[in-house]
């Protein structure tokens with residue numbers, strides 16, 4: 002069974018895997034971030050951090066003001082009043098009179 | 027079995043609102059009136075299921091909506107067509123300057139998703155409560171509230187409404203008067 006030997010870190014990208022030949026044996030080493038294992042995979046954490054820090058600002062969802070709500074409501078009512086104020090067509094009066 | 031006079035009067039009283047709601051669904055006066063007629067016939071046929079003293083308007087709106095969904099959707103004549111026929115059907119020649127804004131509102135309404143438009147019309151134009159609108163649409167109250175809120179927000183954005191003076195038939199008049207344009 003080949004024995005793994007710790008190899009000094011080399012400046013590589015995070016998460017990079019390096020292979021070196023040591024006495025004829027290929028020794029693999031992984032660059033590890035200087036943090037505890039509880040913090041999780043560094044690559045993922047960095048990605049998450051980058052996402053959090055570089056998150057595009059979502060448009061602020063604010064409530065519509067009372068004035069705007071009132072304006073909309075009045076506009077809607079006025080629109081529908083045009084039909085509501087019309088006289089009931091004769092067909093409906095006759096229909097209901099049949100029963 | 028003859029219809030009780032009180033019920034007949036109550037139904038007749040709801041017809042104008044029913045027509046307006048049907049118009050918002052069908053986008054066509056003739057189809058809307060056919061839908062209302064069908065609604066009344068269905069209601070009369072099932073009058074025994076109506077509990078006197080309860081909300082006749084909500085009951086009729088529910089019947090109309092269900093009829094529309096089940097029958098008219100099958101014929102694929104729903105309003106959400108990409109050619110804008112619904113929006114065109116709502117347009118009329120502006121006779122007064124303020125009327126343009128009504129047309130803008132109608133056009134903006136036509137562009138809303140059907141569920142949002144329906145919810146907004148029930149709550150905002152027909153005067154139903156959120157609970158009543160939810161019962162008519164067969165969904166949760168929270169769903170109705172969400173649809174209404176989204177519809178309002180969308181309309182406000184589309185019509186660029188920021189305050190009370192940003193929309194309405196008297197905006198031009200007020201603008202003229204405030205600028206001292208009186209003759």
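Chains as they are written, first to last, in the numbering used here: chain A, 2 to 100; chain B, 27 to 209. All residues carry an ideal CB built from backbone N, CA and C; glycine is no exception.
Check, Outcome
"If distances are taken between C-alpha atoms only, which option among A:95, A:76, A:98 comes closest to residue 127 (chain B)?", "A:76"
"Leaving out five residues on either side along the sequence, give the residues of the same chain with a beta carbon under 8 Å from the beta carbon of residue 58 (chain B).", "45, 48, 49, 51, 52"
"Closest by CA to residue 81 (chain B), which one among B:68, B:162, B:139, B:169?", "B:162"
"Helix, strand or coil for residue 138 (chain B) per DSSP?", "coil"
"Please tell me whether residue 173 (chain B) and residue 142 (chain B) are closer than 7 Å, where the distance is taken between their beta carbons.", "yes"
"Please list, in chain order, the chain A residues whose beta carbon lies closer than 8 Å to that of residue 53 (chain B).", "The contacting residues do not exist; residue 53 (chain B) stays about 12 Å from chain A at best."
"Is the distance from the Cβ of residue 152 (chain B) to the Cβ of residue 43 (chain B) below 7 Å?", "yes"
"Compare the C-beta of residue 97 (chain A) against all C-beta atoms of chain B and say whether one is closer than 7 Å.", "yes"
"Could you tell me whether the Cβ atoms of residue 93 (chain B) and residue 69 (chain B) are closer together than 7 Å?", "no"
"From this set, B:65, B:96, B:60, B:185, which residue's C-alpha is nearest residue 132 (chain B)'s C-alpha?", "B:185"
"Taking Cβ to Cβ, would you say residue 41 (chain B) is nearer than 7 Å to residue 89 (chain A)?", "yes"
"Between which two residues does the alpha helix (DSSP H) containing residue 163 (chain B) stretch?", "156-163"
"Could you work out which residues of chain E lie near residue 37 (chain B), taking near to mean beta carbons separated by less than 8 Å?", "The structure shown contains no chain E; the protein chains it does contain are A and B."
"According to the Cβ coordinates, are residue 158 (chain B) and residue 167 (chain B) closer than 7 Å?", "no"
"To be precise: take each residue of the segment 60-93 of chain B, compare its Cβ to all Cβ atoms of chain A, and keep it if any distance is under 8 Å. Which residues remain?", "62, 63, 66, 67, 70"
"Considering residue 28 (chain B), what are the terminal residues of the alpha helix (DSSP H) in which it resides?", "Element bounds for residue 28 (chain B): n/a, residue is neither H nor E."
"Count the other CB atoms, across all protein chains shown, that sit within 10 Å of the CB of residue 97 (chain B); report buried if there are 16 or more and exposed otherwise.", "exposed"
"Can you tell which of B:181, B:89, B:130 has the C-alpha that lies nearest to the C-alpha of residue 150 (chain B)?", "B:181"
"Between the Cα of residue 84 (chain A) and the Cα atoms of B:84, B:32, B:54, B:146, which residue gives the shortest distance?", "B:54"
"What does residue 187 (chain B) reach in chain A if we use C-beta pairs closer than 8 Å?", "69, 72, 73"
"Quick one: does residue 31 (chain B) have its CB under 7 Å from some CB of chain A?", "no"
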